[in-house]
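Engineer:
Number of protein chains: 2
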Amino acid sequence: MFKINENYLKLPGSYLFSTIAKKQREYKSIHKDANLISLGIGDVTLPLADAVTKAMHKAVDEMSDQSTFKGYAPELGYEFLRKAILENDFKNRGVDLDLDEIFISDGAKSDSGNIGDIFSIDNKIAVCDPVYPVYVDTNAMSGRCGDYLADLERWSNVIYMPCTKETNFAPELPKEEPDIIYLCFPNNPTGATINKDELQKWVDYALKVGACIIYDAAYEAYISEEDVPHSIYECEGAKACAIEIRSFSKNAGFTGTRLGYTIVPKELKKGDVSLRDLWARRHGTKFNGAPYIIQKAGEAVYSKEGKEETKKQVAYYMENARIIREELKSAGYNCSGGINAPYIWLETPNGMTSWEFFDLLLEKANVVGTPGSGFGPSGEGYFRLTAFGSRENTIEALNRIKKI
Amino acid sequence: MFKINENYLKLPGSYLFSTIAKKQREYKSIHKDANLISLGIGDVTLPLADAVTKAMHKAVDEMSDQSTFKGYAPELGYEFLRKAILENDFKNRGVDLDLDEIFISDGAKSDSGNIGDIFSIDNKIAVCDPVYPVYVDTNAMSGRCGDYLADLERWSNVIYMPCTKETNFAPELPKEEPDIIYLCFPNNPTGATINKDELQKWVDYALKVGACIIYDAAYEAYISEEDVPHSIYECEGAKACAIEIRSFSKNAGFTGTRLGYTIVPKELKKGDVSLRDLWARRHGTKFNGAPYIIQKAGEAVYSKEGKEETKKQVAYYMENARIIREELKSAGYNCSGGINAPYIWLETPNGMTSWEFFDLLLEKANVVGTPGSGFGPSGEGYFRLTAFGSRENTIEALNRIKKI
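For the protein sequence lines, the chains are U and H, in the order given. At position 88 of the first sequence (counting the first as 1) the number is 88 in the working numbering, and the numbers step up by one without a gap. At position 377 of the second sequence (counting the first as 1) the number is 1377 in the working numbering, and the numbers step up by one without a gap.
1. What are the residues that DSSP puts in a beta bridge with P1162/H?
2. Hey, could you find the ends of the alpha helix (DSSP H) L199/U is sitting in?
3. So, is the C-beta of L99/U closer than 7 Å to a C-beta in chain H?
4. Using a beta-carbon distance below 7 Å, is G1210/H in contact with chain U?
5. Go ahead and pull the three-state DSSP assignment for R246/U.
6. Based on the DSSP output, what are the partners of P1371/H in its beta bridges?
7. In this structure, what does DSSP give as the bridge partners for W345/U?
8. So, is N320/U buried or exposed, given that buried needs 16 or more other C-beta atoms within 10 angstroms?
9. Between the region 244-258 of chain U and chain H, which residues of the former have CB atoms less than 9 Å from a CB of the latter, in chain order?
10. Could you check the C-alpha separation between G42/U and K22/U for me, to the nearest Å?
11. To the nearest angstrom, report how far apart E1326/H and S110/U are at their CA atoms.
12. What residues match up with R1154/H in a beta bridge as DSSP calls it?
13. Using Cβ-Cβ distances below 8 Å, what residues of the region 277-303 of chain U are close to chain H?
14. If Y1132/H sits next to C1184/H, beta carbons under 8 Å apart, how far is it from one beta carbon to the other, in whole angstroms?
15. At a CB-CB cut-off below 9 Å, which residues of chain U make contact with Q1313/H?
16. Distance, Cα to Cα, R246/U vs I294/U?
17. Just mark A150/U as buried or exposed, buried being the case when its beta carbon has 16 or more other beta carbons within 10 Å.
18. Chain H partners of T53/U, CB-CB under 7 Å?
19. In three-state terms, what does DSSP make of K1270/H?
20. Do you know how far the Cα of A1397/H is from the Cα of R1322/H?
21. Just by C-beta distance, which residues in the region 1174-1198 of chain H are closer than 7 Å to chain U?
22. Which residues, in order along the region 106-137 of chain U, keep a beta-carbon less than 7 Å from a beta-carbon of chain H?
23. Counting beta carbon pairs with one atom in the region 375-386 of chain U and one in the region 156-164 of chain U, are three or more of them shorter than 8 Å?
24. Whose C-alpha, out of I104/U, F103/U and R154/U, is nearest the C-alpha of C128/U?
25. Determine the burial state of W29/U: buried for a count of at least 16 other Cβ atoms within 10 Å of its Cβ, exposed for fewer.
26. What residues in its chain sit with their C-beta under 8 Å from that of V1209/H, if we drop five residues either side in the sequence?
27. So that I know if they touch, is there some Cβ in chain A lying closer than 7 Å to that of K307/U?
28. What does DSSP give as the partner residue(s) for S1105/H in the beta ladder?
29. Span of the alpha helix (DSSP H) holding I180/U?
30. Roughly how many angstroms separate the alpha carbons of Y382/U and A331/U, rounded to a whole number?
31. List the residues of chain H whose Cβ lies closer than 7 Å to the Cβ of D43/U, in chain order.
32. Closest to A365/U by CA distance: which of P349/U, R400/U and D61/U is it?
33. Just checking: is the beta-carbon of S1018/H within a distance shorter than 7 Å of some beta-carbon in chain U?
34. Taking only runs that begin and end inside the region 2-69 of chain U, name each unbroken alpha helix (DSSP H) of 4 or more residues, in chain order.
35. Taking only three categories from DSSP, how would you classify I1404/H?
36. Which value, in whole angstroms, describes the spacing of the CA atoms of G271/U and K239/U?
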């Protein structure tokens, strides 16, 4: 008689963004005329760059012609895309990689969830708190997190690294030694970053204790400050201890287009076993590649025209971030982020809980944000707003928030 | 110190099709002028249907306009696609489903690999032998298969159901009770099918012993005979014991376009727990949907024009299948399949092993096929040819094979 994966039953409630979407739907069903503005889910709103859509039209035409039709893609992804990634995302930051250390995927969410497959269940993970829920939930699903302690809102077998105003929203090296460390900079949800010297300390620490860092750099395009690293491989020794996950979702607006990639360097080993080879095996066995058309779209992001256009998109969102930050501050809110990231992290006023503030904003301002507590216990009392709305909506949302 | 998933180290060699591709590359690097014809990997060669590429061009245009731009897709996939699937793949076969029992994905390979996530490691699987390697390899990766016994070419904790000429290439109900049963009809690699009464026996058996059937119907579009079921849900009681996986790869040529879907009926339960809810949780947490553009392409497959065009593609491949089958028979080979499936399964001549015959075809005919033994121990002495080549290549390949 078949048995289910009982770990799933330990998961508390549903995935954060599903819950928010549900609350939003329910509110709309009662208040049909409400003009809700979402600064909640980190979803982009600007259309794809012309260079990208041109490349896709061309690729669609190739798929309609027998002589240029493409079937199954190469297992690691098309070389044209991996070459463009290597040149533009790494070599110009002083990082060299082999092309077969780059694995094209359908996005950072899949990769950050699936990467756990190549590790033993018997690993203790450390995560920032607050944290992008996928890291914890996917580890919980595979049985790596122990039990969920509902009263503490935390898992029994996870090392939480609090990121609060006391720590400047960055994690401190944990007292208990973890096996796998999830880091995300620029950070989702807090928008915080650390500089290269600080990241080097994490690399040194991982090398010392034999931990593997899963480095999520999905927001690197938003870095505006000089000394903030774009890749963990800018740090010495990182290739021997870190996997880096990247996305096209936020730098090029691919949330509905789906493309990402993961770097697993050959130097990253456990004894004789290269983690790169394990990931290659997983990739080849459980995945059949991103669509050709989408990989061509990804290549176009790195074209001259593509770079210029996507840079403008990022600048547009970052101007939104500036507006949110400054308007909130002028209204007396304590907030951070929004300098190297499209996220603004604010303290809820008057000791409200994160969900209380969510309901307040939804009901009084018709603005949807994300409750900090949804990202972990140390997120309680905080709230995330994203800069991905339109300019008009962002200004309107802030006007409404200021009136509360 | 981090620990890897040691199950990966038990996997024998690399994934079958990677090995074939490597052998092919090596041969080409030595014999640069060789005109290799591949009837090996089951990869399509006809361009996408006009209805499909038209829909994609339109979707690309939508993505380039702010008012029609699409970010993250709904978690289960766009309703327009799920509705088209329900109407065309199920309702017209007398099967009704709820729309939220249909989960859009990037393909059947991902789904058939990932579906294991929602089951306990402590389940014994039964597979046809020979079998599509992904079922076994992904279960081995998660630790469900025990140890690999190299001399027997089988896993210690898997129930193998031999499909040989003695069984008419269909499995018989296993003597040992499995928890999870993988069935694929029309079958990859043998091209065999079973009729509705025979499939009903499997459903009855699964219900009796409390097993869950993972039913891979990726090749249903190739069914030409009346009494062969297109969906397992045509059988009574199947919703309480079966998950069905479908693909757009073979019916519409989407191997490089990537789209599939999986049905997990709400009736399929373990105690109070609906497997549909577990899969929904996995889907929402570890996946961000197929690209909007590709989901629109999928919808177009079900349009009037799309149906007509893809039907012609299937007919084209099935004419290839007929040619392969008849030419092989006229040359004295024993072969089966090719009636309800694009695969022809032949007995290697003169007691050759499958890989010996692979090398012979590669060297003497410059034709690439797939060794039956790569699909499991009972595939030894057999060989798979696919009907997915061009007509010209198919005819040429068979001429060369006949000359050996």
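All C-beta atoms in this analysis are idealised placements derived from N, C-alpha and C, irrespective of residue type, glycine included. Nothing here was measured: the structure is a model prediction, and the numbers come from that model.
Structural biologist: According to the structure shown:
1. According to DSSP, which records beta bridges pairwise, P1162/H is partnered with D1129/H.
2. K196 to V209
3. no
4. yes
5. strand
6. In the DSSP secondary-structure assignment, P1371/H is bridged to F1383/H.
7. S336/U and R384/U
8. buried
9. Answer in chain order: S249, G253, F254, T255, G256, T257 and R258.
10. 16 Å
11. 45 Å
12. L1149/H
13. L278, R281, R282, G284, T285, K286, F287, N288, G289, A290, P291, Y292, I293 and I294
14. 6 Å
15. The contact set of Q1313/H on chain U, defined by CB atoms closer than 9 Å, is empty, because the minimum CB distance reaches about 11 Å.
16. If you draw a straight line from the Cα of R246/U to the Cα of I294/U, it is about 15 Å long.
17. exposed
18. V1060, M1063 and S1064
19. strand
20. 14 Å
21. Cβ contacts with chain U: D1179 and I1180.
22. Within the region 106-137 of chain U, the residues whose Cβ lies closer than 7 Å to some Cβ of chain H are D106, G107, K109, S110, G113, N114, D117, I118, F119, S120, D122, N123, V134 and D137, listed in chain order.
23. Output reads yes: the region 375-386 of chain U touches the region 156-164 of chain U.
24. R154/U
25. In the sequence as presented, Trp is not what sits at residue 29/U; that position holds Ser. It is exposed - the Cβ of S29/U has fewer than 16 other Cβ atoms within 10 Å.
26. E1177 and P1178
27. Among the chains of the structure shown, chain A does not appear; the protein chains present are U and H.
28. G1260/H
29. Looking at the DSSP string, I180/U is not in any alpha helix (DSSP H); the run it does join, the beta strand (DSSP E), is I180 to C184.
30. 16 Å
31. G1071 and Y1072
32. R400/U
33. yes
34. 7-10, 16-30 and 50-63
35. Correct three-state label for I1404/H: coil.
36. 15 Å
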